[in-house]
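Engineer:
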Amino acid sequence: QLRLVAVMAFKDKNIAMLEDVTGEGHLAEQGTPIGRNGIITSIEPNLLLVTETYETTTGRKIVNKIPLHMQKQ
20 QLRLVAVMAF KDKNIAMLED VTGEGHLAEQ GTPIGRNGII TSIEPNLLLV TETYETTTGR
80 KIVNKIPLHM QKQ
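By my numbering, the letter at position 10 of the sequence shown is numbered 29, and the numbering carries on one by one without gaps.
1. Between which residues of its own chain and residue 63 is the CB-CB distance below 8 angstroms, once the five residues before and five after are set aside?
2. Beta carbon of residue 71, beta carbon of residue 85: below 9 angstroms?
3. Let me know the secondary structure DSSP gives residue 84 once reduced to three states.
4. In the structure shown, what three-state DSSP assignment does residue 42 receive?
5. With distances taken from CA atoms, which of 57, 31, 20 and 24 is nearest residue 46?
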């Protein structure tokens with residue numbers, strides 16, 4: 020379980036600062052693997068989008084988009 024705590028905007032990309040349940044901080048950018056089968060596909064000022072892709076036992080491809088919103092303090 021991660022939460023979005025900050026987004027740093029640079030000229031060519033955004034970097035997300037994430038915090039895990041132990042309070043440890045992590046930096047991530049677009050394309051960073053996260054969670055199970057997840058990849059960060061977008062980082063906006065108050066939103067990080069994780070896209071999880073997996074196959075069912077019947078071979079059907081499932082795509083799940085998970086938004087992580089910045090929590091207001």
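All C-beta atoms in this analysis are idealised placements derived from N, C-alpha and C, irrespective of residue type, glycine included.
Structural biologist: This is what the structure gives:
1. Residue 63 sits at position 44 when you count from the first residue of the sequence shown. Answer for residue 63: 26 and 33, listed in chain order.
2. Locating residue 71 in the sequence shown gives position 52, counting from the first residue. Locating residue 85 in the sequence shown gives position 66, counting from the first residue. Residue 71 places its beta carbon less than 9 angstroms from that of residue 85.
3. As a first step, residue 84 must be located in the sequence shown, where it is residue number 65. In the structure shown, residue 84 sits in a strand (DSSP, three-state: E or B).
4. For the purposes of this step, residue 42 is taken as the residue at position 23 of the sequence shown. Looking at residue 42 - three-state DSSP - the assignment turns out to be coil, as it is neither helix nor strand.
5. Within the sequence shown, residue 46 is the residue found at index 27, counting from 1. Nearest of 57, 31, 20 and 24 to residue 46, Cα basis: 24.
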